[in-house]
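In what follows, a single structure is set out as structure tokens and then discussed.
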Amino acid sequence: MAMDTDTAQRQVLDAADGLFYERGVQAVGMDAIRTASGVSLKRLYQLFPSKDALIEAYLDRRDALWKSMLADHVDAATDPRERILAVFDFLDDWFRQRDFRGCAFINSFGELGTVSPRVAELAMQHKEGFRQALTELSKAAGAADPERLADHLILLSEGAITRSAISGSPDPALRAREAAVLLLDATLPRD
């Protein structure tokens, strides 16, 4: 029985996600994706005409997943200050995942950013989306300069992501959260 398009596409993206995230986008060939997904090479190329198209789909999917996981944490908090700190709680949970390998966008940009304008663009869009989310959270918390606070928060977040990926420890999320508390104490209005 032939596999429907949605199922085949999901299987290919599941395989690509696992392999690209674990090994890197350049180290994984389409044959490995075929084997891991159980989708024939012919069907794979019907769904994704090139490896570049598959990498783009992988990054699009990672972006949606990341935004959803972040929103789950932030939306669980009601106090504007706690909503900002929930970002770091999200990072802590993410860093503790068994398969955490850092940011898929930073990793992909590091591999392909100079040769693939589309990967560079997707990485920039993802990071700018995160910055905009932090800006909105900063506005809601009453920051006098929400964009500047967001820039500080993103540096703490991105530094924690990179440090955790390199060290293999979730502790950078806790240190970044501690620094964020100090930053919020210094910049947000007192009740």
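Everything in the sequence shown is counted per the working numbering, starting at 537 for the first residue and increasing by one.
We put the beta carbon where it would ideally sit given N, CA and C, even for glycine.
Measuring CB to CB, does Arg713 end up less than 8 angstroms from Phe624? The criterion of a C-beta distance shorter than 8 angstroms is satisfied by Arg713 and Phe624.
For the putative contact between Ala568 and Leu555, defined by C-beta atoms under 8 angstroms, what is the C-beta separation to the nearest angstrom? 6 angstroms
Using 8 angstroms as the threshold, is the C-beta distance between Leu648 and Val548 below it? no
Could you have a look at Arg597 and say whether DSSP puts it in helix, strand or coil? In the structure shown, the three-state DSSP call for Arg597 is helix.
His688: which of Val564, Leu720, Lys603 and Ala552 sits nearest, CA to CA? Leu720
Run through DSSP, which three-state label would Met539 get? coil
Can you list, in chain order, the stretches of the alpha helix (DSSP H) that have 4 or more residues and sit fully within the stretch 585–630? 587–612
Could you have a look at Ser674 and say whether DSSP puts it in helix, strand or coil? Here Ser674 sits in helix by DSSP.
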